[in-house]
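Chains as they are written, first to last, in this note's numbering: chain A, 1 to 253; chain B, 1001 to 1105.
To start, the structure itself, in C-alpha cells.
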Amino acid sequence: MPDSPVIAHGADEVTDNAHEEHPSYLRHHFESTEQQADATGFAMWLFLLTEVMFFGGLFTAYLIYRNWYYPAFVAGSHQLNVIWGTTNTVVLILSSFTMAMGVWCAETRRKQGLVFCLILTFVLGLGFLGIKTVEYSEKIEKHHVPGLHYSLKSFLDPDSDAAAKAAGDKPLALDMARHTEVYFSLYFLMTGMHALHMIIGIGILGFMIFRARAGAYTSGHVTFVENFGLYWHFVDIIWIYLFALLYLISRHQ
Amino acid sequence: MSEQAKHAEDEHHIVGPKVYVICLFGLLVGTGLTVWASFVELGPWNPVIALAIATAKATLVVLFFMHVKYSSKLTKLTVFAGIFTFLILVSMTLSDYISRAWGSW
C-alpha cells in the first residue's frame, strides 16, 4: 500500500488522489469496506459468544436446581404474573422488529425512518423496564426477594396469597418452601442481568438517536447500527428463553 | 471457491421489511402458542414443548433479524460454534450430575 497515513497528508498529488478513492470511514489497515465490515461483524459475534457462555452458566444452574427442587420452582413461578410476562415478551419482540427496521432504514439511507425506528426501539425498551419495575416492586412488597427479610408465607400457607390460591398451590413442607428462595435468587439474577443489558442497550440507543439526527449511519457506513442490532436481538433471545423457563414452568398444575 | 462465488458472499445483502414483518408475525404467534401450551397438561412434555417453541423463535431471530441466513460462512460457523460450546457446557455438567451417585441408589 503506497498511502501510509503519514505520507497521505503530504503534498504528493498521486497519494492524495489515492486517498480520496475510498470512503473516509475506511480504516487504513483494511483493504476494502467489505473487509472492514466483515471483520467488525465477526468481532461482534465473538463478543456475543462470550455472552452466550455467560448466560449459559446461569441457565445451567437453573436446570440443575430445577431438577433438585422442582415443587419449589413450581410454587415460585406461580408468583409471577403471566400477563405481565407475556406483555413484556411482546414489547421486546416489537422492539427487535423496530430495530431490524432501523437497520434496513440505515442500509437504504432513510434518515427520518432510522431516527423514527431508533426512537420506537428506545421507547419500547423503556416500556419493558417499566413493566419489570412493576413486577419487581410486587416481589419486594411480598418479601420474595432473597435475603434476611424473605417470607415463606405464600408457600407454607398458599390460601393467604392470591396468586398461589388462584394457581391452586398446596402447602409445601418447610424445607421445600425454603428452596423457593433458590428460585427467586435465580429469577432476580437472570432477569436482573438481562435488565442490565437492556439498560446498557437503551443508553447506546440514546447516543445513536443523537448521532442519527445529525446524519450518521445513513451515508453508507452502517456498521455501528448493524452491530448494535445484533446485540439488541441477542438480548431479545435471552428473554425468549427466560420467559419460557421462569414464567411458564407449570401453569397447568 | 470460485472467484464469482467469493464475490457473491462479500456483497452486502439487505434484508427487506417484508421478511421482517413475516418474522414478527411468526414470533408473536410463537409467543401466543407457548403461553397456551403451558396451560395444557402434557406431563413431561410441557418443558420440552416450551423449549422447542422458544428455540424456534430464537432461530427466527438469529436467521432473519440477525441476518445469519444471508451472512458469510465465517459468521455461520461462529454462530454454530457458540451453540455447540454451550451444548457441551450443559451436557458435561449434566453427565457429571447424573453419574455422581451412580449405583448408590
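Backbone N, C-alpha and C fix where the C-beta goes; we use that ideal spot for every residue, glycine too.
Only a predicted model underlies this, so the values are computations on that prediction, with no experimental measurement involved.
Closer than 7 Å: is that where the CB of residue i sits relative to any heavy atom of the ligand NAP?
| i | result |
| --- | --- |
| tyrosine 65 of chain A | By its list of ligands, the structure shown contains no ligand whatsoever, and the ligand NAP lies outside what it can speak to. |
Throw me the rounded Cβ distance for the residue i and residue j pair, which I believe falls under 8 Å.
| i | j | result |
| --- | --- | --- |
| isoleucine 93 of chain A | leucine 1027 of chain B | 5 Å |
| phenylalanine 228 of chain A | methionine 208 of chain A | 7 Å |
| isoleucine 202 of chain A | phenylalanine 122 of chain A | 6 Å |
| leucine 1074 of chain B | phenylalanine 59 of chain A | That pair is no contact at about 26 Å. |
| leucine 230 of chain A | threonine 1078 of chain B | Not confirmed; about 11 Å, so no contact. |
| threonine 191 of chain A | leucine 242 of chain A | 6 Å |
| glutamine 36 of chain A | leucine 26 of chain A | 6 Å |
| leucine 186 of chain A | tyrosine 65 of chain A | 7 Å |
| glycine 1030 of chain B | lysine 1069 of chain B | Rounded, the Cβ-Cβ distance is 18 Å, inconsistent with contact. |
| isoleucine 1049 of chain B | threonine 108 of chain A | Contact doesn't hold; Cβ gap of about 39 Å is too wide. |
| histidine 78 of chain A | alanine 163 of chain A | 6 Å |
| valine 225 of chain A | alanine 106 of chain A | 5 Å |
Over what stretch of residues does the alpha helix (DSSP H) that includes residue i continue unbroken?
| i | result |
| --- | --- |
| glutamate 21 of chain A | Note, glutamate 21 of chain A: premise wrong, no alpha helix (DSSP H); not H, not E. |
| histidine 197 of chain A | 180-213 |
| threonine 89 of chain A | 82-107 |
| lysine 153 of chain A | 153-156 |
| glutamine 36 of chain A | 33-68 |
| aspartate 159 of chain A | No alpha helix (DSSP H) contains aspartate 159 of chain A, which DSSP labels as neither H nor E. |
| histidine 233 of chain A | 223-242 |
| proline 1017 of chain B | 1017-1038 |
| proline 1047 of chain B | 1045-1060 |
| glutamate 138 of chain A | 111-141 |
| glycine 220 of chain A | It is not in any alpha helix (DSSP H) - glycine 220 of chain A carries neither H nor E in the DSSP assignment. |
| tyrosine 1097 of chain B | 1073-1099 |
Can we say the stretch 244-251 of chain A touches the stretch 203-219 of chain A, given the rule of at least three CB pairs closer than 8 Å? no
The stretch 1090-1101 of chain B: positions lying closer than 9 Å to chain A by Cβ: Val1090, Thr1093, Leu1094 and Tyr1097
Taking any Cβ of chain B, which residues in the stretch 34-65 of chain A have a Cβ under 8 Å from it, in chain order? Within the stretch 34-65 of chain A, the qualifying residues are Glu34, Ala37, Asp38, Gly41, Phe42, Trp45, Leu46, Leu48, Leu49, Val52, Met53, Gly56, Gly57, Phe59, Thr60, Leu63 and Ile64.
Compile a chain-ordered list of the residues in the stretch 225-247 of chain A whose CB is closer than 7 Å to at least one CB of chain B. Leu230, His233, Asp236, Ile237, Ile240, Tyr241 and Ala244
Could you run through the stretch 1017-1048 of chain B and flag, in chain order, every residue whose CB is less than 7 Å away from some CB of chain A? Pro1017, Tyr1020, Leu1024, Leu1027, Leu1028, Thr1031, Thr1034, Val1035, Ser1038, Phe1039, Val1040, Glu1041 and Asn1046
Taking a cut of 8 Å between CB atoms, which residues from the stretch 83-94 of chain A lie near chain B? Residues passing the 8 Å Cβ filter: Thr86, Thr89, Val90, Ile93 and Leu94.
Below 9 Å between beta carbons is the criterion; list the residues of the stretch 101-115 of chain A that meet it against any residue of chain B, in chain order. Met101, Val103, Trp104, Glu107 and Thr108
With 7 Å as the C-beta to C-beta threshold (strictly closer), list the residues of the stretch 20-34 of chain A near chain B in chain order. Of all residues in the stretch 20-34 of chain A, those with a C-beta nearer than 7 Å to a C-beta of chain B are Glu34, reading in chain order.
How about the stretch 123-133 of chain A and the stretch 1044-1054 of chain B: do they share at least three Cβ pairs that are nearer than 8 Å? no
Mind the definition here: the stretch 166-173 of chain A touches the stretch 128-147 of chain A only if three or more C-beta pairs lie below 8 Å; say whether that holds. no
Tell me whether the stretch 105-124 of chain A and the stretch 133-141 of chain A touch, counting them as touching only if at least three CB pairs, one residue from each stretch, are closer than 8 Å. no
Residues of the stretch 1070-1084 of chain B with a CB closer than 8 Å to any CB of chain A: list them in chain order, please. Result list: Ser1071, Ser1072, Leu1074, Thr1075, Thr1078, Val1079, Ala1081, Gly1082 and Ile1083.
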